[in-house]
Amino acid sequence: MTTRTARKADPLKEYNRKRDFKKTAEPAGKRANSEGGNRFIVQKHDATRLHWDFRIEADGVLKSWAVTKGPSPDPDIKRLAVRTEDHPLSYAEFEGTIPKGEYGGGTVMLWDRGTWEPVEGKSWKDIDKGHLHFCLKGERMNGEWLLIRLKPRPGEKRENWLLRKIDDEYAAEGDPLVEHGLTSVLTGRSMAEIEADVEGSHSLKGKNGDAFVKEMAKAAKHNAGKAKTKPKTKAKTGKPPKFREPQLATLVDSVPAGNRWMHEIKFDGYRALVAAAGSDVRVYTRSGKDWSDKFAPLVEAFAALDLPPCLIDGEIVAYDANGNPDFSSLQAVLKRGHGSQKKTDALSFHAFDLLEANGEDLTGLSNIERKERLEALLKVAQPPIHVTDHVIGAGEKLFKAMCDAGQEGIISKAIDAPYRSTRTKSWVKVKCTRRQEFVIIGWKKSSAKGRPFSSILLAQNEGRKLVYKGNVGTGFKTDTLHDLAERFAKIEREDAPAEVDRASRRGVTWVEPELVAEVAFAEFTGPTSKSGGGNIRHGSFLGLRGDKDAADVVPEVPQDAPADDPVADVKISNRDRVIFPETGETKGELADYYAAIAPLMLPWAANRPVSLVRCPQGRGKKCFFQKHDSGSFGSHVHHVPITEKDGHAEDYLYVEDAAGLLTCVQMGTIEFHGWGARTSDVEAPDRLVIDLDPDEGLDFEDVKRAAKDFHDHLQDLGLASYAMLSGGKGVHVVVPLTPGHSWDEHKDFAKRFAEAMSMAEPDRFVANMSKAKRVGKIFIDYLRNQRGATAVLPYSARARAGAPVAVPVSWDELDGFPSAHEFSIRDSAKLLERAKSKALAGWGFAEQSLPNL
150 MTTRTARKAD PLKEYNRKRD FKKTAEPAGK RANSEGGNRF IVQKHDATRL HWDFRIEADG
210 VLKSWAVTKG PSPDPDIKRL AVRTEDHPLS YAEFEGTIPK GEYGGGTVML WDRGTWEPVE
270 GKSWKDIDKG HLHFCLKGER MNGEWLLIRL KPRPGEKREN WLLRKIDDEY AAEGDPLVEH
330 GLTSVLTGRS MAEIEADVEG SHSLKGKNGD AFVKEMAKAA KHNAGKAKTK PKTKAKTGKP
390 PKFREPQLAT LVDSVPAGNR WMHEIKFDGY RALVAAAGSD VRVYTRSGKD WSDKFAPLVE
450 AFAALDLPPC LIDGEIVAYD ANGNPDFSSL QAVLKRGHGS QKKTDALSFH AFDLLEANGE
510 DLTGLSNIER KERLEALLKV AQPPIHVTDH VIGAGEKLFK AMCDAGQEGI ISKAIDAPYR
570 STRTKSWVKV KCTRRQEFVI IGWKKSSAKG RPFSSILLAQ NEGRKLVYKG NVGTGFKTDT
630 LHDLAERFAK IEREDAPAEV DRASRRGVTW VEPELVAEVA FAEFTGPTSK SGGGNIRHGS
690 FLGLRGDKDA ADVVPEVPQD APADDPVADV KISNRDRVIF PETGETKGEL ADYYAAIAPL
750 MLPWAANRPV SLVRCPQGRG KKCFFQKHDS GSFGSHVHHV PITEKDGHAE DYLYVEDAAG
810 LLTCVQMGTI EFHGWGARTS DVEAPDRLVI DLDPDEGLDF EDVKRAAKDF HDHLQDLGLA
870 SYAMLSGGKG VHVVVPLTPG HSWDEHKDFA KRFAEAMSMA EPDRFVANMS KAKRVGKIFI
930 DYLRNQRGAT AVLPYSARAR AGAPVAVPVS WDELDGFPSA HEFSIRDSAK LLERAKSKAL
990 AGWGFAEQSL PNL
């Protein structure tokens, strides 16, 4: 009898045969159906090998596949999925530990759940044909997927399939589901916490391999509630932040050039700020109106994410028949209302900034860092919620692509600028076509049958008065004409709200200047057209702007694009001085490197107390650390007072922008080392760094293998981590954290983790600084995680031969590097290009809290 025939005869016979239900907590196999008959689940299963069990309900059982490495939303990544025995529906709620020695012994987490359905015209019975095309609606997996059975090799007994994501709106590059989905959708626990859900002592002595993680998790459970300080704001609790005035962009006549600028698509929709805290979500217009009811589908989508308290800036759009963002389509959707929307209606929110998160005000951070924090917060978001892509430099190329596609234009943002609730030149917009808002002041009757008016008269506020700007008679759909006519009838007035010439006044019915229209046009006519004077020419009505007040409508006059050079006033003297004598790199080349790499480095270096490695005469001469300043660095390098152990406050150095980095280079700086906390709250650590420092005799392969082991153990504790080549001998394992714990807790966790690793494998690791004990081993330097300690910052140059730099890498990339110093200051262009890769998307950012261990 074949395996498939046996499944049809008694689908759960094999499941029951393999298990001793007196020893395992798994449910006995009985056929059953859920109410909808279409559940799916995924269980993360750490058995002989870690895998993800993908199961779909069909024919009264759960059809099952073991997916190596887990499901990926990237259509280019195909995952091996080994068909296993059918499981009972009751298994859909199972989470726990299967005893060792039993079939499938190990830890099981309920990793995802939801519903599934085959695509139109298909059926679950297609499994017997060797393929299954289906759609998922889950907490992590969504959209269209495909399972295909591979042709068996001679003698092969198991069924090998491939699981692949179909390219749709839920597709994403890389492996974000597995990398960031580290806790149970049922209980919120990590794998280690699930495994440790047993009684016993918490001794780490003698524990080998993965056993130490289990004991650390036991300690976490035992010590719960014993933290010396509690988080100021815990994730997923609290109230949504209050509305803030949004930052506005200045209209300019050309795209700003250079790497100082990041560029985004300018969407044709409604500006909105989303304030969320769990299921409590509010959507505000740019003027502060609460329009949550108008955008109910988006409110529901954000509520489903269960976000911590946060304030997100973005744009709400709807799409035309060609799938492009279209303001008129958005108007039509809003008019119909979400209760009577058509199937083609699709509101989307494109997020581009993060103002607050977990009680922390982020507006003082740079544009590029806020964007990185936003991407981390919304890492697992699915449509209709998107994070707006950006490019650094290459703004003209993006602008041309948008104009060629008939889009509105682009927004350019200075990478190092903070968020300001006003119109600034650190945000500028460049439009493909001219379009502005105007106040409607009257309308002219139409002679055409069935058309209530022929055109509308427009004005803008200049100073304290409305100034007439011409009329528009095109762009109106039939339903729009009648809707506007009804609105006009309610606000008619006898006199003109603005001064209008005699010819233009004929046949006009005046209205109160309350309604705001968005209009596209070719140009302003008249001698003052450059300054926005005169009347609009070739205008076309786009829609009403209910989110904008008439009093705020003023002419937008294009200004000159901002200057590219943000460090023009930072003069680098002695540019030809050789700083790295072995390979000849100069002070000028070092300055050029930091100027180019600033967009990548500032998210880590800005607004963080720093210690500088200064080598005024080059790395071959005297070098020294400096963390204080009496004022000799000038205005681009700032001070933050920090209380020392003796109770006295000392001014520590920090920078905010590229000019600050360049000023430090001018003063002889080669390396930048940063605290694990921000200047906004130096008592709230937000980054844990484990430095793996090998003894001289060890191969770099040993270090890479150790770093990956650390990554795996941290992942079992529910923590995402990232790798960085130090530029020296070792690898840094970086763990981003949501602030809310003390330095004592921060250091204690790092110490426990380091000691656990050294106890588990004493032949490989040592957590003691003694050089005598480090021979032939990797030193786990956890002391960088105490108050006042620093670690080298990503993209910092190192004062070592060859001018190497510290470089973030993905875990998959790590295997391909033969040393920790593969990049130098000559590689700025290469580093900027590789930072765009999907492998490094979201590197170093994650919304996660420190376990109470």
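Here this note's numbering is used: the first residue of the sequence shown is 150, the next is one more, and so on.
Ideal Cβ positions, reconstructed from N, Cα and C, are used throughout, including at glycine.
Note that this is a predicted model, so its numbers are computed, not measured.
Residues of the same chain with a CB within less than 6 Å of the CB of A230, apart from the 5 flanking positions on each side, are W214, V216, W310, L312 in chain order. Collapsing the DSSP output to three states places G463 in a strand. Setting aside the 5 residues that flank it on each side, K172 is surrounded in the same chain by P248, E251, each with a C-beta closer than 7 Å to its C-beta; the list follows chain order.
Around M551, the same chain offers I414, K415, E557, G558, I559, C581 as residues with beta carbons nearer than 8 Å, after the five sequence neighbours per side are excluded. Residue state for Y944 is assigned as coil, using DSSP reduced to three classes. V448: member of the alpha helix (DSSP H) spanning 445-454, first to last residue.
At the C-beta level, S829 and N756 come within 9 Å of one another.
DSSP, read as helix, strand or coil, puts Q775 in strand. Distance from the Cα of A921 is smallest, within the candidate group H895, M411, D844, P748, for D844. Taken in chain order, the stretch 738-797 contains no complete alpha helix (DSSP H) segment of 4 residues or longer. Using a C-beta cut-off of 8 Å, the stretch 795-802 makes no contact with the stretch 728-748, since fewer than three inter-stretch Cβ pairs fall below that distance. DSSP lists V231 as the beta-bridge partner residues of N309.
Remark: C-beta atoms of G688 and N620 approach each other more closely than 9 Å.
A distance below 9 Å separates the beta carbons of F498 and A450. Residue environment: L299 is assigned as exposed (fewer than 16 neighbouring CB atoms within 10 Å of its CB, all protein chains considered). DSSP places L837 in the uninterrupted beta strand (DSSP E) bounded by 836-843. A direct Cα-to-Cα measurement between N471 and W576 gives close to 29 Å. Burial state of H777 is exposed, judged by a 10 Å Cβ sphere holding fewer than 16 other Cβ atoms.
Note that the C-beta distance between V706 and S561 is not below 9 Å.
With a cutoff of 9 Å on beta-carbon distance, M258 and K193 are scored as near each other.
Judged by beta-carbon spacing, F782 lies beyond the 9 Å limit of F966, meaning their Cβ atoms are not closer than that value. G279 and R983 have their C-alpha atoms roughly 39 Å apart.
If you draw a straight line from the Cα of T197 to the Cα of R522, it comes to about 36 Å. In this structure, the alpha-carbon of L630 lies about 11 Å from that of I605. Residue pairing of N610 in beta bridges, as defined by DSSP: L615. Per DSSP, the unbroken alpha helix (DSSP H) holding L863 starts and ends at 849-865.
Judged by beta-carbon spacing, L527 lies beyond the 9 Å limit of I465, meaning their Cβ atoms are not closer than that value. Short of 6 Å from the beta carbon of W201, and not among the five residues preceding or following it, lie these beta carbons of its own chain, in chain order: V191, K193, V216, G219. Contact holds between the stretch 741-753 and the stretch 935-954, because three or more Cβ pairs, one in each stretch, are under 8 Å apart.
The alpha carbon of P953 has as its nearest neighbour, out of K167, F972, L989, the alpha carbon of F972. Here the alpha carbons of W440 and T658 stand approximately 31 Å from one another.
Per DSSP, reduced to three states, the secondary structure at E413 is strand.
Following the DSSP letters along the chain, one finds D930 inside the beta strand (DSSP E) bounded by residues 927-930.
W265 is positioned such that its CB atom lies closer than 9 Å to that of K286. Taking C-alpha positions only, K594 is separated from P601 by approximately 6 Å. Boundaries of the beta strand (DSSP E) around M873: 871-874.
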